[in-house]
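Asks: Below you'll find the structure I mean.
Right, dumping it as structure tokens:
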């Protein structure tokens, strides 16, 4: 099975990934991102979303978690990571193991 | 809670068979969940490492590129990236970890001769650097996608498995045991009462 990749993000900084074959979709706000996501969910296998957007459309993304494809991955935006990806990891871990393996500060 | 069955020998042997299956199933499921958890913690550690290193790299790349963008006009940039030089195709396979289907991705990079989709004079060198690092990143990003999905799907499956194990351990098996006990007691009770009846009858016959 062959698949394509896409990236959803704000502004045009994501355009750089077009040079390596990832289709960029620029969106301005969460509503637009949601719409774009449902539009492209069928045709792309991997969809990267910058985490400032991902955080706003968390609910929508969760719908795709149970399916094997598309794979939705949050990547940091140009202003750096906001911890969304990490938070998702911790959530999954707490769901599965009941504890957080990574907590070092004893929280 | 006792199951709603008739206290007969038939039911008793049926229930005993069910108890046997349930105990066996419980053991198997428990082992399966334990193994899934072990795999899960391996994957999640790997994922965490990859994500940590990737997050800084990606935002670096995006930062570099937005810098490059400010140096050229918007239309120039859009024109430059009109045709990608590298087409990334992904082979999507499914592998199973303890019967959980998780995606397995392999990246097919078909590179053309020149790395950049535009001529050298067209954009500044900042753009080149950004494109370079994006090219280096894409492989890792695909790997991250694979791991992240595996984590999400395994977490789901482990949760389900745990629930099943608990349902067997704390509901199904105790219920069966209780019902079996109830039936065998009832049967013994019937036995005793019929014996007493017989003895009574015998003594009445003997008196005559």
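Residue numbers (our numbering), protein chains in the order written: chain A, 21 to 127; chain B, 3 to 210. For every residue, glycine included, the Cβ atom is placed at its ideal position computed from N, Cα and C.
Please state the DSSP three-state secondary structure of residue 1(B).
Replies: Since the first and last residues shown for chain B are 3 and 210, residue 1(B) lies out of range.
Asks: Within 10 angstroms of its Cβ, does residue 71(A) collect 16 or more other Cβ (buried), or is it exposed?
Replies: Residue 71(A) comes out buried.
Asks: I need the straight-line Cα distance from residue 51(B) to residue 132(B), nearest angstrom please.
Replies: Their Cα atoms are separated by approximately 23 Å.
Asks: Taking CB distances under 8 Å as the criterion, tell me whether residue 65(B) reaches chain A.
Replies: Interface residue, yes.
Asks: In terms of alpha-carbon separation, which member of 127(B), 144(B), 98(B) lies closest to residue 108(B)?
Replies: If we check each option's Cα against that of residue 108(B), 144(B) comes out closest.
Asks: Whose Cβ in chain B lies nearer than 7 Å to the Cβ of residue 37(A)?
Replies: Around residue 37(A), the beta-carbon contacts reaching into chain B at under 7 Å are 136.
Asks: Between which residues of its own chain and residue 146(B) is the CB-CB distance below 8 Å, once the five residues before and five after are set aside?
Replies: 49, 52, 53, 56
Asks: Give the secondary structure of residue 65(A) by DSSP, where H, G and I count as helix, E and B as strand, and everything else as coil.
Replies: coil
Asks: Find the residues of chain B that neighbour residue 104(A), judging by a C-beta separation of less than 9 Å, and give them in chain order.
Replies: Here the premise fails: no neighbours, minimum Cβ distance about 10 Å.
Asks: Could you pull the start and end residues of the beta strand (DSSP E) that residue 29(A) belongs to?
Replies: From DSSP, the beta strand (DSSP E) with residue 29(A) extends over 25-30.
Asks: So, for residue 120(A): in the same chain, excluding its five sequence neighbours on each side, which residues have a beta-carbon less than 7 Å away from its beta-carbon?
Replies: Closer than 7 Å at Cβ, skipping near neighbours: 110, 113, 114.
Asks: Let me check one thing: in DSSP terms, what residues is residue 22(A) bridge-paired to?
Replies: Beta-bridge partners assigned by DSSP to residue 22(A): 93(B).
Asks: Under 8 Å between C-beta atoms, does residue 25(A) make it to chain B?
Replies: yes
Asks: Could you spell out where the beta strand (DSSP E) holding residue 91(A) opens and where it closes?
Replies: Counting along the chain, the beta strand (DSSP E) containing residue 91(A) begins and ends at 91-95.
Asks: Considering only their Cβ atoms, is the gap separating residue 26(A) from residue 67(A) smaller than 8 Å?
Replies: Result yes, Cβ atoms of residue 67(A) and residue 26(A) sit closer than 8 Å.
Asks: Do you know whose CA, among 76(A), 60(A), 107(A), lies nearest residue 89(A)'s CA?
Replies: 60(A)
Asks: Can you give me the start and stop residues for the alpha helix (DSSP H) that residue 159(B) sits inside?
Replies: 127-169
Asks: Mapping DSSP to helix, strand and coil, what is residue 86(A)?
Replies: Residue 86(A): coil per DSSP, three-state reduction.
Asks: I'd like to check one pair, residue 73(A) with residue 42(A): are the Cβ atoms closer than 8 Å?
Replies: no
Asks: So what does DSSP say about residue 100(A), is it helix, strand or coil?
Replies: strand
Asks: Which residues mark the beginning and the end of the alpha helix (DSSP H) in which residue 214(B) is found?
Replies: The structure shown has nothing for residue 214(B), since chain B only spans 3 to 210.
Asks: Can you pull the chain B residues whose beta carbon is under 9 Å from the beta carbon of residue 63(A), in chain order?
Replies: Simply none; closest approach about 13 Å.
Asks: Look at residue 160(B) and residue 42(B) and say whether their C-beta atoms are less than 8 Å apart.
Replies: yes
Asks: Using a C-beta cutoff of 8 Å, does residue 125(A) count as contacting chain B?
Replies: Because the pLDDT of residue 125(A) is 49, which lies under 50, any placement of that residue in the model is unreliable, and the number read from its coordinates should be weighed accordingly. Answer no: the Cβ-Cβ gap between residue 125(A) and chain B never drops below 8 Å.
Asks: How many Å lie between residue 27(B) and residue 10(B) at the Cα?
Replies: 26 Å
Asks: Going by alpha carbons, who is nearest to residue 57(A) out of 35(A), 92(A), 108(A)?
Replies: 92(A)
Asks: Within 8 Å, do at least three Cβ pairs link the region 151-160 of chain B to the region 97-108 of chain B?
Replies: yes
Asks: Say whether chain B places a C-beta atom closer than 8 Å to the C-beta of residue 116(A).
Replies: yes
Asks: With H, G and I counted as helix, E and B as strand and the rest as coil, what does DSSP make of residue 48(A)?
Replies: coil
Asks: Taking 8 Å as the limit between beta carbons, can you name the residues of its chain near residue 101(A), skipping five residues before and five after?
Replies: 71
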